[in-house]
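Trainee: Before I ask anything, here is the structure I am working with.
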Amino acid sequence: MLPSINSFKVGTVEAGGTDLFLIAGPCLVENETHALKMAEAMRAITDRLGVQFIFKSSYDKANRTSINAHRGLGIEEGLRILGRVRSDVGLTVLTDVHEVAQVRAAAEVADVLQIPAFLSRQTDLIVEVAKSGRAVNIKKGQFLAPHDIKNAIEKATSQGNHRVMITERGTSFGYNNLVVDFRGLPIMRDFGYPVVYDVTHSLQRPGALGTSTGGDSQFIEYMARAGVACGVDGVFMEVHDNPAQALSDGPNSLPLEQLARLLEQLKAIHALIRETA
Numbered sequence: 009m010l011p012s013i014n015s016f017k018v019g020t021v022e023a024g025g026t027d028l029f030l031i032a033g034p035c036l037v038e039n040e041t042h043a044l045k046m047a048e049a050m051r052a053i054t055d056r057l058g059v060q061f062i063f064k065s066s067y068d069k070a071n072r073t074s075i076n077a078h079r080g081l082g083i084e085e086g087l088r089i090l091g092r093v094r095s096d097v098g099l100t101v102l103t104d105v106h107e108v109a110q111v112r113a114a115a116e117v118a119d120v121l122q123i124p125a126f127l128s129r130q131t132d133l134i135v136e137v138a139k140s141g142r143a144v145n146i147k148k149g150q151f152l153a154p155h156d157i158k159n160a161i162e163k164a165t166s167q168g169n170h171r172v173m174i175t176e177r178g179t180s181f182g183y184n185n186l187v188v189d190f191r192g193l194p195i196m197r198d199f200g201y202p203v204v205y206d207v208t209h210s211l212q213r214p215g216a217l218g219t220s221t222g223g224d225s226q227f228i229e230y231m232a233r234a235g236v237a238c239g240v241d242g243v244f245m246e247v248h249d250n251p252a253q254a255l256s257d258g259p260n261s262l263p264l265e266q267l268a269r270l271l272e273q274l275k276a277i278h279a280l281i282r283e284t285a
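Per my numbering, the sequence shown starts with residue 9, numbered consecutively.
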């Protein structure tokens, strides 16, 4: 399948899709200045390297560990800022939705609507997102086996929307830990839809800091290279210019200064896999 998104086609290589694409951005829309700054910086990097780029950031984080955790600017202000990223910086935009009532407003701004992993079995939400006509990115729940995601895909395509991507983001492994079974990537690619590997979320330590989530950002490059070597179509990474000060998921975010070098490595691995496939 080839879900066209703006000027490029996100699809499997076998189906004629583009080269490896990137979904990235700060986990949360922190403020307008920061969002635009990050969008412009990442666009400069991806344009220089010739990488198709989708900017991702959330207007609200509804599944925070603590009631006191910062959730974001809210749907109205968050979407306004994402709209500026789309119109002023000229980027394709992805954001997640948590409730059916949010879909219409988000679809007016975002090119891709994302189903969060914890909601990947929520039939009404998946159906409503698919009905919006926007491309759909379904994150595989931490509790799902790779073959189970086919049911979520069918919920979306039942509405006639085949602009679907599926994203691996790790599986619960005991308490406060995640593990990635790389066998799942080719299993999910056999369903015929583009598969994205969410590197940074799979390196979270859910709830490990007591009132917030920890993470193992030191392993980002290793895991990213492994995922691309498995033949994924896209890579998802949270990127921040100062992870230590990030308002969400700082412990597992990639520092902006490391993005260009890593993308160069991933492009080379992806090209090698295509040549030898």
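Positions of the beta carbon are idealized from the N, C-alpha and C atoms, including for glycine.
What's the call for Gly24, buried or exposed, on a 16-neighbour Cβ count within 10 Å?
Mentor: Working through the sequence shown from its first residue, we reach residue 24 at position 16. Any answer about Gly24 is weak, because its pLDDT of 48 lies below 50 and its placement is not dependable; what the coordinates show is given next. Taking all protein chains shown into account, Gly24 has fewer than 16 neighbouring C-beta atoms within 10 Å of its C-beta and is therefore exposed.
Trainee: Pop quiz: Glu176 and Leu193 are said to be a contact at Cβ under 8 Å. What is the actual Cβ separation, rounded to whole angstroms?
Mentor: Stepping through the sequence shown from its first residue, residue 176 is reached at position 168. Stepping through the sequence shown from its first residue, residue 193 is reached at position 185. Their Cβ separation, rounded to whole angstroms, is 6 Å, which keeps Glu176 and Leu193 in contact under 8 Å.
Trainee: Taking the straight line between their C-alpha atoms, what separation do you get for Ser166 and Phe199?
Mentor: As a first step, residue 166 must be located in the sequence shown, where it is residue number 158. As a first step, residue 199 must be located in the sequence shown, where it is residue number 191. Whole-angstrom Cα-Cα distance: 15 Å.
Trainee: What whole-angstrom Cβ distance do Tyr93 and Leu44 have, given they're in contact under 8 Å?
Mentor: Walking along the sequence shown from the start, residue 93 turns up at place 85. Walking along the sequence shown from the start, residue 44 turns up at place 36. It should be noted that the sequence gives Val, not Tyr, for residue 93. Val93 to Leu44, Cβ: 7 Å. Contact.
Trainee: The alpha helix (DSSP H) spanning Glu162 covers which residue range?
Mentor: Here the question's residue 162 lines up with position 154 in the sequence shown. First-last of the alpha helix (DSSP H) with Glu162: 157 to 165.
Trainee: Taking Tyr67 as the reference, give the member of Ile75, Thr54, Thr73, Pro34 with the closest Cα.
Mentor: Within the sequence shown, the letter at position 59 stands for residue 67. It is Pro34.
Trainee: Quick check on the burial criterion: 16 or more other C-beta atoms within 10 angstroms. Buried or exposed for Leu81?
Mentor: Sequence index remark: in the sequence shown, residue 81 carries index 73 (1-based). Counting Cβ neighbours within 10 Å, Leu81 comes out buried, since at least 16 surround it.
Trainee: How would you write the range of the alpha helix (DSSP H) that His42 sits in, first residue to last?
Mentor: Within the sequence shown, the letter at position 34 stands for residue 42. Looking at the DSSP string, the run of the alpha helix (DSSP H) that includes His42 is 40 to 57.
Trainee: For Ile123, list the residues DSSP reports as bridge partners.
Mentor: By 1-based counting over the sequence shown, the position of residue 123 is 115. The partner list for Ile123 (beta bridge, DSSP) reads Ile146.
Trainee: Look at the alpha carbon of Thr103 and the alpha carbon of Leu280, and state the distance between them as a whole number of angstroms.
Mentor: If you number the sequence shown from 1, residue 103 lands on position 95. If you number the sequence shown from 1, residue 280 lands on position 272. Thr103 and Leu280: Cα-Cα distance of roughly 31 Å.
Trainee: Just the Cα atoms here: how many angstroms apart are Met9 and Asn76?
Mentor: Against the sequence shown, residue 9 aligns to sequence position 1. Against the sequence shown, residue 76 aligns to sequence position 68. Low per-residue confidence applies at Met9: pLDDT is 46, beneath 50, and the placement is therefore not dependable, though the value from the model is reported in the following sentence. One C-alpha to the other measures close to 42 Å.
Trainee: Should the stretch 247 to 254 be called in touch with the stretch 263 to 270, which here means at least 3 C-beta pairs below 8 Å?
Mentor: Inter-segment contact for the stretch 247 to 254 and the stretch 263 to 270 is present: three or more beta-carbon pairs are separated by less than 8 Å.
Trainee: Can you look up Val21 in the DSSP assignment and give me helix, strand or coil?
Mentor: Position 13 of the sequence shown, counting from 1, holds the residue named residue 21. For Val21, the predicted model reports a pLDDT of 49, less than 50, meaning its position is unreliable and no value from the coordinates is stated.
Trainee: What are the boundary residues of the beta strand (DSSP E) that Thr175 is part of?
Mentor: Within the sequence shown, numbered from 1, the residue matching residue 175 stands at position 167. Element bounds for Thr175: 172 to 176.
Trainee: Within 10 angstroms of its Cβ, does Ala138 collect 16 or more other Cβ (buried), or is it exposed?
Mentor: Along the sequence shown, read from residue 1 onward, the residue named residue 138 stands at position 130. Buried, by the Cβ-count rule.
Trainee: From Arg97 to Glu48, what does the alpha carbon distance come to, in whole angstroms?
Mentor: One-based indexing of the sequence shown puts residue 97 at position 89. One-based indexing of the sequence shown puts residue 48 at position 40. Looking at the sequence provided, one finds Val at residue 97 rather than Arg. The straight-line gap from Cα to Cα measures roughly 6 Å.
Trainee: Tell me Lys64's beta-bridge partners as DSSP assigns them.
Mentor: As a first step, residue 64 must be located in the sequence shown, where it is residue number 56. Note: Lys64 sits in a beta bridge opposite Leu102.
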